[in-house]
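Count along the sequence shown starting at 1, add 75, and that's the number in my numbering.
Down below is the structure, laid out as structure tokens.
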Amino acid sequence: MPTLSAYNHYFQLFKNTLEFTPFQHQHGDKATIDSFKQLMLQSDKTGQMFQLLLQYMPLVDEPEEKIAKLGKQGQSIVAQLQTLFSSKLEELQKQNLKRALEAGINIAFGTDAGNPGTLHGVSIFGEAALWQKAGISNQHILKAMTYGNAIAFSVDGKLGTIQTGKQADFVVVEQNPYATLYTLQKPHLVVKHGAIIGL
Numbered sequence: 076m077p078t079l080s081a082y083n084h085y086f087q088l089f090k091n092t093l094e095f096t097p098f099q100h101q102h103g104d105k106a107t108i109d110s111f112k113q114l115m116l117q118s119d120k121t122g123q124m125f126q127l128l129l130q131y132m133p134l135v136d137e138p139e140e141k142i143a144k145l146g147k148q149g150q151s152i153v154a155q156l157q158t159l160f161s162s163k164l165e166e167l168q169k170q171n172l173k174r175a176l177e178a179g180i181n182i183a184f185g186t187d188a189g190n191p192g193t194l195h196g197v198s199i200f201g202e203a204a205l206w207q208k209a210g211i212s213n214q215h216i217l218k219a220m221t222y223g224n225a226i227a228f229s230v231d232g233k234l235g236t237i238q239t240g241k242q243a244d245f246v247v248v249e250q251n252p253y254a255t256l257y258t259l260q261k262p263h264l265v266v267k268h269g270a271i272i273g274l
């Protein structure tokens, strides 16, 4: 379970580029979303470590010539951060996900919600967008969300696929999600344990 979005949100938070999508604003917890704006408006009241991250994280992808203009301490901090965060590491994560799928490894799907910027529930589509940027097909994303998770939790005998004898948990959508994954944002019908629970 790569949880690309959790890493991405830490990176965005400390670069002060974290933004929430219209879908997240509409369906996410407003107080949680607003708290990030308040955090950045009052960042001067945060601890030293938070302020150091805000100061130096935006520099991790800068050219070496620019970093060389910092003092020794600044250069050291940036060098340490580069071992954890950079656009290159983000790309490596995406490449590793694609390689793992191509190798036939079961991949589960999740967001690690609760980490800064990763909202419960609604962050699923941000995670899906990062998988798409990694070159993962909608088919593989849907498989990870369903069958991949069922295998990860050892419940694939009753969940994860639509088959006779399995628990009837599924959604009905307006469009083919293989073509338009974001049709999942507006399900036409929700079925749980064989009963319609939402229209």
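By construction, the Cβ of each residue, glycine as well, lies at the ideal position given by its N, Cα and C atoms.
Legend entry - chain B contact for leucine 129 (CB, 7 Å cutoff): Of the chains in the structure shown, none is chain B; there is only one protein chain.
Legend entry - Limits of the beta strand (DSSP E) - the one that leucine 88 falls within: Counted from its first residue, the sequence shown places residue 88 at position 13. Premise fails: leucine 88 lies in the alpha helix (DSSP H), 79-90, not in any beta strand (DSSP E).
Inset, instruction - Tell me whether the beta-carbon of proline 252 lies closer than 7 Å to the beta-carbon of leucine 172. - result: Here residue 252 corresponds to residue number 177 of the sequence shown, with the count starting at 1. Here residue 172 corresponds to residue number 97 of the sequence shown, with the count starting at 1. Annotated as distal: proline 252 and leucine 172, with beta-carbon spacing of 7 Å or more.
Inset, instruction - Taking 8 Å as the threshold, find out whether the region 143-155 comes into contact with the region 115-122 through three or more Cβ pairs. - result: No: the two stretches stay apart, fewer than three of their Cβ pairs being nearer than 8 Å.
Legend entry - Unbroken alpha helix (DSSP H) run spanning leucine 127, endpoints: In the sequence shown, residue 127 corresponds to position 52, counting from 1. Unbroken alpha helix (DSSP H) run through leucine 127: 123-131.
Legend entry - Limits of the unbroken alpha helix (DSSP H) element including alanine 254: Position 179 of the sequence shown holds residue 254. Run containing alanine 254: none; DSSP gives neither H nor E here.
Inset, instruction - Count the other C-beta atoms from every protein chain shown that fall within 10 angstroms of the C-beta of leucine 167, then say buried if there are 16 or more, exposed otherwise. - result: Looking up residue 167 in the sequence shown gives position 92. Leucine 167 should be labelled exposed.
Legend entry - Backbone CA spacing between glycine 192 and leucine 93 [nearest angstrom]: Within the sequence shown, numbered from 1, the residue matching residue 192 stands at position 117. Within the sequence shown, numbered from 1, the residue matching residue 93 stands at position 18. CA-CA distance, glycine 192 to leucine 93, rounds to 7 Å.
Legend entry - Contact between the region 187-207 and the region 89-108 (3+ Cβ pairs under 8 Å): Segments in contact, yes.
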